[in-house]
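K.L.:
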Amino acid sequence: MATRSGRSERHSGADRTAQQRDERRAFTRSKNDRTHGADLQQPGESLEWGGHLGAIEPVWEELNAAEPMRLICLSLILVLSADTAVSADYLSAELRSAVEQLKQDVADQPSNRENGVARSQVLWKWANAHALNGGTLPVELPALIARVMGRNATEPGNMLLMDQSIRELKIRDERPNAIGKLTTDSTGPFAPGSFVTIRQTYHFGDMPMVEGGGFLVAKHFMSNQGLYQTSNPEQDNYITIRSSNHAAKFEPNTRALQGMHGGFRRGAPGLFFVLREGRLRKGDTVTITYGDRSGGSKGFRVQTYSNDAFPLPIYVNLRGNRDLYTLPLQTYRIGGGSTVSVRGFVPSMVAPGEKFDISIRSEDFYYNRASGITPAYQVSVNGRPFASIPAGKGSVTLLKNRSFDEPGIYRFKIRSPDGQIKGESNPVWVRADAGPRVYWGETHGHCGFAEGQGTPDAYFKFGRDDARLDFLTLSEHDLWMDDFEWKTLLQKTEQYNEDGKFVAIAGYEWTVKTRFGGHHNVFFRDTTDRKRVPNQTAPVLSQLYRRLANENDMKDVLIIPHAHQPGEYRMNEAHMETLVEIMSMHGYFEWFGRMYLKHGHEVGFIAASDDHLSHPGYSTPLPGGLAARGGLAAVWAEEKTRDSIFSAMKNLSAYATTGDRIILDLKLNGSPMGRRLPQKVKRRIVGKIVGTAPIDQITVIKNGSPIWTKDLLTEVSGDADVQRYEISFHSSTEPGVRDSPRGWRPWRGNVLVSGAKLKTVESPSLENRLSESVGPPGDNPNEVPLRLMTRGAHKNLVLELAEIRPDAKIQLQLNGATERPSTPAMYRTPARLERRLVEFSLAKLADGRQRDVRRVEQFTDTVQLRRIRYDGELVYDLEFTDTKLPRQGDYYYVRVRQLNGEIAWSSPWWVGGFSKRTEK
Numbered sequence: 004m005a006t007r008s009g010r011s012e013r014h015s016g017a018d019r020t021a022q023q024r025d026e027r028r029a030f031t032r033s034k035n036d037r038t039h040g041a042d043l044q045q046p047g048e049s050l051e052w053g054g055h056l057g058a059i060e061p062v063w064e065e066l067n068a069a070e071p072m073r074l075i076c077l078s079l080i081l082v083l084s085a086d087t088a089v090s091a092d093y094l095s096a097e098l099r100s101a102v103e104q105l106k107q108d109v110a111d112q113p114s115n116r117e118n119g120v121a122r123s124q125v126l127w128k129w130a131n132a133h134a135l136n137g138g139t140l141p142v143e144l145p146a147l148i149a150r151v152m153g154r155n156a157t158e159p160g161n162m163l164l165m166d167q168s169i170r171e172l173k174i175r176d177e178r179p180n181a182i183g184k185l186t187t188d189s190t191g192p193f194a195p196g197s198f199v200t201i202r203q204t205y206h207f208g209d210m211p212m213v214e215g216g217g218f219l220v221a222k223h224f225m226s227n228q229g230l231y232q233t234s235n236p237e238q239d240n241y242i243t244i245r246s247s248n249h250a251a252k253f254e255p256n257t258r259a260l261q262g263m264h265g266g267f268r269r270g271a272p273g274l275f276f277v278l279r280e281g282r283l284r285k286g287d288t289v290t291i292t293y294g295d296r297s298g299g300s301k302g303f304r305v306q307t308y309s310n311d312a313f314p315l316p317i318y319v320n321l322r323g324n325r326d327l328y329t330l331p332l333q334t335y336r337i338g339g340g341s342t343v344s345v346r347g348f349v350p351s352m353v354a355p356g357e358k359f360d361i362s363i364r365s366e367d368f369y370y371n372r373a374s375g376i377t378p379a380y381q382v383s384v385n386g387r388p389f390a391s392i393p394a395g396k397g398s399v400t401l402l403k404n405r406s407f408d409e410p411g412i413y414r415f416k417i418r419s420p421d422g423q424i425k426g427e428s429n430p431v432w433v434r435a436d437a438g439p440r441v442y443w444g445e446t447h448g449h450c451g452f453a454e455g456q457g458t459p460d461a462y463f464k465f466g467r468d469d470a471r472l473d474f475l476t477l478s479e480h481d482l483w484m485d486d487f488e489w490k491t492l493l494q495k496t497e498q499y500n501e502d503g504k505f506v507a508i509a510g511y512e513w514t515v516k517t518r519f520g521g522h523h524n525v526f527f528r529d530t531t532d533r534k535r536v537p538n539q540t541a542p543v544l545s546q547l548y549r550r551l552a553n554e555n556d557m558k559d560v561l562i563i564p565h566a567h568q569p570g571e572y573r574m575n576e577a578h579m580e581t582l583v584e585i586m587s588m589h590g591y592f593e594w595f596g597r598m599y600l601k602h603g604h605e606v607g608f609i610a611a612s613d614d615h616l617s618h619p620g621y622s623t624p625l626p627g628g629l630a631a632r633g634g635l636a637a638v639w640a641e642e643k644t645r646d647s648i649f650s651a652m653k654n655l656s657a658y659a660t661t662g663d664r665i666i667l668d669l670k671l672n673g674s675p676m677g678r679r680l681p682q683k684v685k686r687r688i689v690g691k692i693v694g695t696a697p698i699d700q701i702t703v704i705k706n707g708s709p710i711w712t713k714d715l716l717t718e719v720s721g722d723a724d725v726q727r728y729e730i731s732f733h734s735s736t737e738p739g740v741r742d743s744p745r746g747w748r749p750w751r752g753n754v755l756v757s758g759a760k761l762k763t764v765e766s767p768s769l770e771n772r773l774s775e776s777v778g779p780p781g782d783n784p785n786e787v788p789l790r791l792m793t794r795g796a797h798k799n800l801v802l803e804l805a806e807i808r809p810d811a812k813i814q815l816q817l818n819g820a821t822e823r824p825s826t827p828a829m830y831r832t833p834a835r836l837e838r839r840l841v842e843f844s845l846a847k848l849a850d851g852r853q854r855d856v857r858r859v860e861q862f863t864d865t866v867q868l869r870r871i872r873y874d875g876e877l878v879y880d881l882e883f884t885d886t887k888l889p890r891q892g893d894y895y896y897v898r899v900r901q902l903n904g905e906i907a908w909s910s911p912w913w914v915g916g917f918s919k920r921t922e923k
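Residue numbers (the working numbering): 4 to 923.
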């Protein structure tokens with residue numbers, strides 16, 4: 004009997020450690036390696052985060068007999084010698100004592116407002132020790148602790164959830180064989196969007212399943228996989244369940260689930276197989292089949308995004324109540340499809356004669372790296388033949404050790420012999436002058452360590468090999484991070500860093516809601532002894548600033564706020580927070596950078612992706628909130644080393660682009676961007692802009708307002724037989740108050756041309772192949788359907804018209820729609836946009852353009868028609884002088900927009916005034 008009470012009822016520390024480490028086999032403990040504690044909501048409940056265990060402690064009948072001995076033995080257990088009790092324990096003697104007391108306290112009295120915070124502090128230490136020892140944690144547990152310990156959120160719902168988590172950890176701590184294991188019959192790779200059959204089998208542990216128990220078959224909230232159904236065996240995505248125990252009878256039902264594997268922000272119904280007859284115990288198995296083809300179904304459709312760890316989560320309920328237990332995830336490899344496009348990558352700057360590599364990446368329809376036999380390619384440079392690549396050379400092919408002796412700008416084009424597959428590279432500028440160069444990087448991305456998908460290894464390899472980045476950070480959310488994951492991120496950062504070739508920078512995302520300071524990414528100059536300051540212990544922005552400053556040399560810390568959950572632009576730590584992210588897959592937020600400048604903060608601009616699929620630096624636009632292509636950070640640095648690139652970002656030697664590698668080599672009064680200059684009346688901006696597509700507009704902004712614009716594409720008048728017109732769409736996003744930006748504005752409807760012949764139509768800015776489309780025309784060749792979305796961006800159609808009559812016009816029949824928020828705003832709900840008709844007369848284009856501007860509350864929606872040139876400029880030498888109303892502390896920055904909708908923003912210059920930053 005003594006073996007079942009208190010400490011002595013657990014396995015030895017060595018056995019437990021081996022058992023727990025066994026559970027981590029999938030891949031070095033990514034979040035995808037452990038099922039997370041998603042919210043489980045029953046109708047009428049309002050739980051913030053889902054539980055795993057109910058109010059009744061889930062012990063089972065076979066082991067209940069010894070439970071009365073617990074109180075008798077507890078005091079004895081606590082005084083056992085270290086040699087006999089804790090020599091192999093993963094907890095220190097002090098923490099073990101606190102943990103045992105916590106278990107007993109929860110058994111005696113539920114957590115409440117009086118004891119909840121103190122209990123969460125012990126739970127946080129226990130959870131991190133458990134994770135470092137290889138144990139499985141409920142994924143949402145760190146977030147729950149952040150609410151309770153960080154913000155004193157001790158309302159009953161959180162207290163119930165915390166007690167449930169304590170009980171689950173108690174089982175894992177004391178009886179590692181209680182909860183069974185999952186296995187799978189195949190891990191792929193599978194073609195994106197293909198129909199497959201996958202089986203997962205649950206092998207019962209010591210804990211049986213009684214009637215009313217069952218399995219919740221969940222899905223990752225970012226997956227666009229097929230939707231499960233159990234009603235029609237002939238249809239797609241048919242899911243079945245079978246047990247080795249033929250007496251067991253399951254019935255399909257639903258249970259609400261919230262979190263990464265359900266409705267991300269609120270509960271959504273998930274498929275739940277409930278056990279109606281029988282009892283299952285150790286030795287029994289249950290197999291769940293995704294895409295059961297026995298009744299004629301094509302199978303289960305997997306997601307379209309490539310990934311090395313696509314998760315199919317399953318939760319188990321054993322007691323017949325609402326208790327769900329976490330199971331380490333089974334994950335699957337999603338590869339690429341056949342080649343439909345090609346992309347080239349080159350460094351932006353090299354010296355004459357310097358060797359460099361040209362990367363040719365074959366892509367499928369979803370921008371994944373293609374699979375199968377790749378086509379042959381002919382590569383040209385500036386219109387001249389350069390190289391040939393035979394078919395089947397691989398989806399990423401390197402043309403190594405190439406060079407140019409003559410200075411100039413070189414552009415590569417790639418095409419298959421039949422011309423069906425075409426692409427091009429970013430420009431490479433061969434320049435003789437020594438000095439800093441532009442390096443491209445990603446400062447904001449996620450994998451399966453948070454709510455994303457994929458492993459850290461896949462993340463770093465994609466950035467290095469697919470996106471051809473110069474530098475990269477894996478900035479996982481601290482909201483879901485434990486000490487093991489932070490330790491692993493530092494190790495992976497060091498593993499992939501190779502100065503001179505590929506730079507990996509350590510960092511994480513401090514993740515709190517807008518009212519507590521908003522999301523900020525934190526970076527460290529190196530990995531040695533770096534400790535994160537998480538929101539669990541620093542729940543407001545002022546605490547983050549203070550602790551990072553106290554625990555580090557501020558020269559070694561960089562903080563970058565972003566606009567998704569907007570940073571607190573009224574606050575700034577001048578020595579650490581030197582850059583602001585103004586664009587990501589969430590949309591375009593130039594206003595966010597302006598708000599920091601308006602409040603007197605000396606910050607530069609960068610862009611990033613916030614990719615969640617381990618595709619940093621070249622991100623696939625998705626349905627939903629992450630609907631834009633990811634942006635990039637451009638850094639002017641002396642060399643491609645971690646220290647040099649980090650110093651350049653600290654010094655504001657950086658700029659932002661929406662993903663295209665546009666080169667901005669600009670100076671104000673001889674100083675590069677990001678500098679404060681002595682006061683002068685005459686302010687002269689000069690330099691070169693090297694675009695990746697025809698340059699549309701160049702704008703100089705002074706103190707937040709445009710003061711000069713150069714339009715390079717608009718054709719004021721035209722009488723040619725065939726003319727080119729652009730229809731563009733734009734929606735503003737600035738909320739005007741401290742709140743999340745306005746959501747995505749759908750543009751759905753038709754374009755109808757009358758009085759002219761529509762020869763061709765294209766959309767240079769279309770990038771989201773899953774949510775956007777233009778054309779083709781239907782029965783009426785002059786009518787084109789369109790589906791576009793904007794969130795601060797400019798999306799467009801380019802029409803080629805012939806046989807234009809004086810009464811020619813273009814009508815846009817726009818359907819009604821509702822804004823699609825990425826993050827819910829605090830002070831407004833998504834607006835309903837009414838159906839409307841916009842009409843333009845080609846004969847009435849004043850200065851070659853006409854606009855239709857509509858107010859939507861404080862925002863504006865703009866549709867513009869203009870006549871544009873055929874021959875756009877790819878390079879522009881900028882010269883601009885401002886002498887009007889010079890003031891101390893004026894700031895300037897430059898914005899460049901291309902025909903394809905891509906934008907680059909320089910970091911600001913300041914003239915006169917004084918800096919908040921002092922030497923540190």
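Just so it is clear, CB atoms sit at the ideal spot from N, CA and C, and this is done for glycine as well. What you are looking at is a predicted structure, and each value in this text was computed from that prediction instead of being measured.
Taking contact to mean 3 or more Cβ pairs, one atom from each stretch, closer than 8 angstroms, check whether the segment 208-220 and the segment 169-183 are in contact.
P.N.:
The segment 208-220, when compared against the segment 169-183, does touch it at the 8 angstroms Cβ threshold.
K.L.:
Could you work out which residue in K760, G596 and E576 is closest to A552 when comparing CA atoms only?
P.N.:
Residue E576 is the option with its Cα nearest to A552.
K.L.:
Are the Cβ atoms of G298 and E237 separated by less than 9 angstroms?
P.N.:
Taking 9 angstroms as the Cβ cut-off, G298 and E237 qualify as a contacting pair.
K.L.:
What does DSSP give as the partner residues of S587 in its beta bridges?
P.N.:
BP columns for S587 point to G590.
K.L.:
Check L902 in the structure and name its three-state DSSP category.
P.N.:
Note: L902 maps to coil in three-state DSSP.
K.L.:
Which of helix, strand or coil does DSSP assign to F527?
P.N.:
Here F527 sits in strand by DSSP.
K.L.:
Do G795 and F527 have their beta-carbon atoms positioned less than 9 angstroms apart in this structure?
P.N.:
It is not a contact, given that the beta carbons lie outside the stated cut-off.
K.L.:
When you compare only the Cα positions, how much space is there between I363 and S398?
P.N.:
Taking the straight line joining both Cα atoms gives about 8 angstroms.
K.L.:
Measure the alpha-carbon distance for Q232 versus M829 and round it to whole angstroms.
P.N.:
When rounded, the distance between both Cα atoms is 36 angstroms.
K.L.:
Give the DSSP-derived three-state secondary structure of H733 in the structure shown.
P.N.:
Looking at H733 - three-state DSSP - the assignment turns out to be strand.
K.L.:
Taking only the alpha-carbon atoms, compute the straight-line gap between A846 and V719 and give it to the nearest angstrom.
P.N.:
About 12 angstroms.
K.L.:
Find out if the Cβ-Cβ distance for the pair A659, E584 is shorter than 9 angstroms.
P.N.:
Cβ distance < 9 angstroms, so A659 and E584 count as in contact.
K.L.:
Let's test the definition: count the other Cβ atoms within 10 Å of the Cβ of I376 and tell me whether it reaches 16, buried, or not, exposed.
P.N.:
With fewer than 16 Cβ atoms within 10 Å of its Cβ, I376 is classed as exposed.
K.L.:
Roughly how many angstroms lie between the CA atoms of S768 and D864, to the nearest whole one?
P.N.:
Spanning the two alpha carbons is a distance of roughly 17 angstroms.
K.L.:
On the DSSP letters alone, give me the boundaries of the alpha helix (DSSP H) that P159 sits inside.
P.N.:
Here the alpha helix (DSSP H) through P159 covers P159 to E177.
K.L.:
What's the gap between the Cα of K358 and the Cα of N404?
P.N.:
Their Cα atoms are separated by approximately 5 angstroms.
K.L.:
For P749 and G628, I'd like the C-alpha separation in whole angstroms.
P.N.:
For P749 and G628, the distance between alpha carbons rounds to 12 angstroms.
K.L.:
Given the structure, does K495 come close to the ligand FMN, in the sense that its CB is under 8 angstroms from one of the ligand's heavy atoms?
P.N.:
Questions concerning the ligand FMN fall outside what the structure shown contains, since it holds no ligand whatsoever.
K.L.:
For L401 and S365, I'd like the C-alpha separation in whole angstroms.
P.N.:
Cα-Cα distance, rounded: 12 angstroms.
K.L.:
Given this structure, state the Cα-to-Cα distance separating E876 from S406, to the nearest angstrom.
P.N.:
Using only the alpha carbons, I get a separation of about 25 angstroms.
K.L.:
Evaluate the contact criterion for the segment 615-630 versus the segment 760-774: three or more CB pairs, one atom per stretch, below 8 angstroms.
P.N.:
Result yes; three or more Cβ-Cβ pairs closer than 8 angstroms.
K.L.:
Is T288 closer than 9 angstroms to Y370 when the C-beta atoms are compared?
P.N.:
No; because the gap between Cβ atoms is not below 9 angstroms, this pair is not in contact.
K.L.:
Determine the closest residue to Y895 out of K601, L804, W432 and Q333, with distance taken between C-alpha atoms.
P.N.:
Nearest option by C-alpha distance: K601.
K.L.:
What residue range does the beta strand (DSSP E) around K670 cover?
P.N.:
Where K670 is concerned, the enclosing beta strand (DSSP E) stretches over I666 to L671.
K.L.:
Can you give me the Cβ contacts of R550 inside the same chain, cut-off strictly under 6 angstroms, excluding the 5 residues immediately before and after it?
P.N.:
Excluding positions up to five away in sequence, the list reads V536 and A541.
K.L.:
Is the beta carbon of P738 sitting closer than 9 angstroms to the one on Q568?
P.N.:
Cβ distance not < 9 angstroms, so P738 and Q568 don't count as in contact.
K.L.:
From A470, R471, A453 and D469, pick the residue whose C-alpha is nearest to that of W489; which is it?
P.N.:
Nearest option by C-alpha distance: A453.
K.L.:
Counting pairs of Cβ atoms below 8 angstroms between the segment 192-199 and the segment 329-342, do you hit three or more?
P.N.:
Short answer: they touch.
K.L.:
Could you spell out the range, first to last residue, of the beta strand (DSSP E) harbouring N753?
P.N.:
Run containing N753: R748 to S757, per the beta strand (DSSP E) assignment.
K.L.:
Considering just the uninterrupted stretch of the alpha helix (DSSP H) at D460, what are its terminal residues?
P.N.:
It spans P459 to K464 - the alpha helix (DSSP H) in which D460 sits, taken as one unbroken run.
K.L.:
Quick one: what's Q232 bridged to in DSSP?
P.N.:
Paired residue(s): Y241.
K.L.:
Mind listing, in chain order, the continuous beta strand (DSSP E) runs of no fewer than 3 residues lying wholly within the segment 600-651?
P.N.:
Taking only runs of at least 3 residues, the beta strand (DSSP E) segments lying wholly in the segment 600-651 are 607-609 and 635-640.
K.L.:
If distances are taken between C-alpha atoms only, which option among R686, E806 and A805 comes closest to R890?
P.N.:
With distances taken between Cα atoms, R890 lies closest to R686.
K.L.:
Which value, in whole angstroms, describes the spacing of the CA atoms of A121 and P314?
P.N.:
Roughly 35 angstroms between the two C-alpha positions.
K.L.:
Give me the Cβ distance between A566 and P744, rounded to the nearest whole Å; I'm assuming they're in contact under 8 angstroms.
P.N.:
Right, the Cβ-Cβ distance comes to about 6 angstroms (below 8 angstroms), so this counts as a contact.
K.L.:
Is DSSP giving K534 helix, strand or coil here?
P.N.:
Residue state, collapsed to three classes: coil.
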